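Enquirer: Before we start, here is the structure in question, set down as structure tokens.
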Amino acid sequence: MNPGWDFHAIAPVIIITATIVAVLIADFFFEYRGRFRTQQIASLGVLAAMIPIITLAVDGGTREMFNGGFVVDPYSLVFQGFFLAAAYISMLLSVDYIGDGDYYQGEFYVLLLTSVLGMLVMSSARDLISIFVALETISIPTFVLAGWRKHDPKSNEAAIKYYLIGVMSSAVMLYGMSLVFGLTGSTLLSEIADKVRTLDSPLLIVAGFLTIAGFAFKVSAVPFHFWAPDTYEGAPTPVTAFLSVASKVGGFVALLSVVWFGFSPNSAMFQPVLWGLAAASLILGNLVALRQTNIVRMLAYSSIAQGGFILVPFAVASDGGAWTSSIQSVVIYTLIYGAMNLGAFAIVIALARRTRSAEITSFAGLGQYAPGMAIVMSMFLFSLAGVPPFAGWFAKFTMFRAALDANTPAATVLAALAAVSSVIAFFYYARVAREMWFHQPPEGADVHPIRTPVALNAAVVICAAIVIAVGVYPQLFARLGDLAAGG
Amino acid sequence: MILNQFLILAAVLFCIGVYGVLARRNGVLVLMSVELMLNAVNINLIAFSAYLRETAGEVFALFVITIAAAEVGVGLAIVLLIYRNLHSPDLDHVEQLKG
């Protein structure tokens, strides 16, 4: 049997694999001082992997391999591009943080890139087996990254909590997948879609529920969210940024692929579950975020709530003619969410270099002694809250559009819940902004202007540019959403 | 071929695994419970695979076994780290961060 290799289509995956090997070997040869070069090799590899993605996008069309188990189309290219960009920015955030501590460098980038490799495969996977393997390739390196500070019990705790929830959710997901396989007789999503159209079995709903519950852990949707705040707080902050953006979106891509390509003909398999997850995440995520005093925990609950917003289009997708606008909304929302969340974490990391604290009160008076940083941070916060002209408003707009396209009572209730919770969300985002602009710096605080490393500045500039450009000219990402949804 | 018995065995094993993860406090025993859950999945997959005469399930089971080995390797490393820092494999002692 000829598997039909298409080297152009798998070029990004090959380049990242080669980079992983190169970084691993190069790390042996560099002296301690030369360790920064491992980061340069890793970044170059990520940028090089962007090239085949652009050429594939220009080429257009759909390339299938392995009987349709691995597909390269606009949908997968959009997400692959996103994951590579998120990985590049995460590395910019990490370089000084990892360099300042007395921790090894090389392994960090190997683990990060391995996780990215899983994400690239995930974007193209159209088969339960490859989705499972890709999901584990994303997760296993991040378990290790969360426990990166070996001698810090908090970091250990972050790792063990994340690990236990991660493997348990994989087991639940696999149990669901095994039932799906048993009922449909195939692991290919396209064949599963053909079977579930006619099959009418209550077990199918159980199978769908278990599979989606497994993914819900990965995207930290309520009530499967309780690991997220602890892991985010205990893990090194650059790793948290990576987890909350790349790893979480990896889970969303898995969910989207399974729901869209596999379960879509039978909406009872996924719609009620996802409705509940979305509603619970919106309410609980936003309400608990109000009470947080630690900025990382606040951002953790904020990312749970943002996950709820991303789940809204899933929950209404098959009502009315909402499929296209739902897919567009999920794609656009995840892309914008990535830029604004990475930006917010970049500022948290930059400020923590000075204050060594992650309390929200440590932001007091930032507008007086570091106005540039305070302006950019306010921008990211208001973008997360969905205030125009920053990109967040467009993400929320597409989400509401999908809910209104569906035009069912359930969708309208969910849209109303989303509207109420965006108002609640505004309060805790604005609280940080108030701390920065209207409070005095604490007594005895160092109020010299903050000098941030070049890499961190670059990360902030990239995220800020995306947040402003997309907010003012949303067609930039709207086009990507159209392409991914097959428009 | 009889399918039900295998599915019931798998379901029982899976439930024992879930109970073990939730109730056991020793890190190593929690890892063993996770293994029970994953092996329940394998029984399911192989039973369906033999019943449907479809090899995809057996291939899936092989991947699950391989990845479970990698996962448990990482898990034991993390439990070992906790044992070094806290001198106990008891997960109740891991409580610095409050969810």
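Going line by line, the protein sequences match chains U and Z. One point on numbering: in the working numbering, the residue at position 484 of the first sequence is 691, and numbering is uninterrupted. One point on numbering: in the working numbering, the residue at position 34 of the second sequence is 800, and numbering is uninterrupted. Here a beta-carbon is modelled for each residue, glycine too, at the ideal position from N, C-alpha and C. On a predicted model such as this, the values are computed, not experimentally measured, just so you know.
If you drop the 5 nearest sequence neighbours on each side, which residues of the same chain put their C-beta closer than 8 Å to that of Met670/U?
Expert: Here residue 670/U is Cys; the residue named in the question, Met, does not match the sequence. So the list reads Ile296, Ala546, Met547, Leu549, Gly550, Ala553 and Phe587, once near-sequence residues are dropped.
Enquirer: Can you name the start and end residues of the alpha helix (DSSP H) that Val278/U belongs to?
Expert: Counting along the chain, Val278/U falls outside any alpha helix (DSSP H), though it belongs to the beta strand (DSSP E) covering Phe277 to Val279.
Enquirer: Tell me which same chain residues have a C-beta within less than 8 Å of the C-beta of Asn501/U, skipping the five on either side of it?
Expert: Taken in chain order, the residues that qualify are Glu440, Ala565, Glu566 and Ile567.
Enquirer: Return the chain-ordered list of same chain residues with a C-beta closer than 8 Å to the C-beta of Ala428/U, the five sequence neighbours on each side being excluded.
Expert: Within the same chain, Ala428/U has close Cβ partners Leu484, Ala485, Ala487, Ser488, Ile511, Gly514, Gly515 and Leu518.
Enquirer: Helix, strand or coil: which one does DSSP assign to Asp407/U?
Expert: Asp407/U falls in the coil class under three-state DSSP.
Enquirer: DSSP on Met208/U, reduced to helix/strand/coil?
Expert: Confidence is the limiting factor: at Met208/U the pLDDT is only 43, short of 50, which leaves the residue's position unreliable, though a coordinate-based value still follows. DSSP places Met208/U in coil when its eight states are reduced to three.
Enquirer: Under 9 Å between beta-carbons, which chain Z residues line up against Phe388/U? List them in chain order, please.
Expert: The contacting residues are Asn810, Leu811, Phe814, Ser815, Leu818, Glu820, Ala822, Gly823 and Phe826.
Enquirer: Check this for me: beta carbons of Tyr304/U and Gln246/U, under 8 Å apart or not?
Expert: Result no, Cβ atoms of Tyr304/U and Gln246/U do not sit closer than 8 Å.
Enquirer: Start and end of the alpha helix (DSSP H) containing Met803/Z?
Expert: Where Met803/Z is concerned, the enclosing alpha helix (DSSP H) stretches over Gly793 to Leu818.
Enquirer: With burial defined as no fewer than 16 other Cβ atoms inside 10 Å of the residue's Cβ, what is the status of Tyr508/U: buried or exposed?
Expert: It counts as buried.
Enquirer: Excluding the 5 residues preceding and the 5 following Arg790/Z in the sequence, name in chain order all residues of the same chain whose CB lies nearer than 7 Å to its CB.
Expert: Val796 and Ser799, listed in sequence order.
Enquirer: Confirm, please, whether the CB-CB distance from Gly793/Z to Ile848/Z is below 8 Å.
Expert: In this structure, Gly793/Z lies closer than 8 Å to Ile848/Z by Cβ.
Enquirer: For Ala428/U, does the three-state DSSP call read helix, strand or coil?
Expert: In the structure shown, Ala428/U sits in coil (DSSP, three-state: anything other than H, G, I, E or B).
Enquirer: Counting only beta-carbon atoms, is Leu857/Z nearer than 8 Å to chain U?
Expert: Output row for Leu857/Z: interface = yes.
Enquirer: Name the two residues that bound the continuous alpha helix (DSSP H) containing Met272/U.
Expert: It is not in any alpha helix (DSSP H) - Met272/U instead sits in the beta strand (DSSP E) that spans Arg270 to Met272.
Enquirer: Buried or exposed: which applies to Tyr785/Z, given that a residue is buried once 16 or more other Cβ atoms fall within 10 Å of its Cβ?
Expert: With fewer than 16 other Cβ atoms within 10 Å, it is exposed.
Enquirer: May I ask which residues mark the beginning and end of the alpha helix (DSSP H) holding Gln771/Z?
Expert: Looking at the DSSP string, the run of the alpha helix (DSSP H) that includes Gln771/Z is Asn770 to Ala789.
Enquirer: Taking any Cβ of chain U, which residues in the stretch 832 to 843 of chain Z have a Cβ under 7 Å from it, in chain order?
Expert: Within the stretch 832 to 843 of chain Z, the qualifying residues are Ile833, Ala836, Glu837, Val840 and Gly841.
Enquirer: Within 10 angstroms of the Cβ of Asn493/U, are there 16 or more other Cβ atoms? Answer buried if so, exposed if not.
Expert: Classification of Asn493/U: buried, given that the 10 Å Cβ count is 16 or more.
Enquirer: Does any C-beta atom of chain Z lie closer than 8 Å to the C-beta of Val403/U?
Expert: With 8 Å as the cut-off, Val403/U does not count as an interface residue toward chain Z.
Enquirer: Kindly indicate which residue of Gly458/U, Phe607/U, Ala448/U and Met580/U has the alpha-carbon position closest to the one of Pro520/U.
Expert: Ranking Gly458/U, Phe607/U, Ala448/U and Met580/U by Cα distance to Pro520/U puts Phe607/U first.
Enquirer: Work out the CA separation of Ser376/U and Phe431/U for me, nearest whole Å.
Expert: Rounded to whole angstroms, Phe431/U to Ser376/U spans 9 Å at the Cα level.
Enquirer: Verify whether the separation of the beta carbon atoms of Ile419/U and Val480/U is less than 8 Å.
Expert: Yes, Cβ-Cβ distance for Ile419/U and Val480/U is below 8 Å.
Enquirer: If you draw a straight line from the alpha carbon of Val679/U to that of Pro855/Z, how long is it in whole angstroms?
Expert: C-alpha separation (whole angstroms): 54 Å.
Enquirer: Thinking C-alpha only, which one of Asn805/Z, Ile833/Z and Ala827/Z is nearest Ile782/Z?
Expert: Nearest option by C-alpha distance: Asn805/Z.
Enquirer: With three or more beta-carbon pairs closer than 8 Å as the criterion, would you say the stretch 448 to 461 of chain U touches the stretch 339 to 358 of chain U?
Expert: Touching, yes, given that three or more Cβ pairs across the two stretches are closer than 8 Å.
Enquirer: Rounded to a whole number of angstroms, what is the C-alpha to C-alpha distance between Leu779/Z and Leu811/Z?
Expert: Each residue's Cα considered, the two are about 14 Å apart.
Enquirer: Any C-beta of chain U sitting closer than 8 Å to the C-beta of Phe772/Z?
Expert: No, because no Cβ of chain U sits closer than 8 Å to the Cβ of Phe772/Z.
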